[in-house]
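Reading through the structure tokens given below for one structure.
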Amino acid sequence: MRVFAYLDPGTGSLIMQAVLGGAAGIAILWKSTFTRIRTRMTGNVNPTADRDATRDEPVPPGPQS
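Following this line, the structure appears as structure tokens:
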């Protein structure tokens with residue numbers, strides 16, 4: 003018995019979407035895991051707090067009354 007396998011463009015697109023979605027999910031899991039580890043080691047709850055505190059941006063003027 004001969005079997006001819008055929009993947010139409012819709013099937014290829016579905017496979018590609020599943021692979022890219024899985025890669026994105028793994029990347030988010032990887033980043034959140036290391037953020038959690040870094041937070042526990044440093045005790046810094048907000049990892050961007052140090053970066054925000056050292057900004058040298060001018061403060062916009064408030065409303066004039």
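If you read the sequence shown in our numbering, its first letter stands for residue 3, the second for the next number, and so on. Using N, Cα and C, we set each Cβ at its ideal position, and we do this for glycine too.
Secondary structure of residue i, DSSP reduced to three states
i	result
Leu9	coil
Gly24	helix
Arg40	helix
Cα-Cα separation between residue i and residue j, rounded to whole angstroms
i	j	result
Met3	Met18	30 Å
Pro11	Ala20	14 Å
Tyr8	Ser15	14 Å
Ala26	Arg38	18 Å
Val5	Ala29	38 Å
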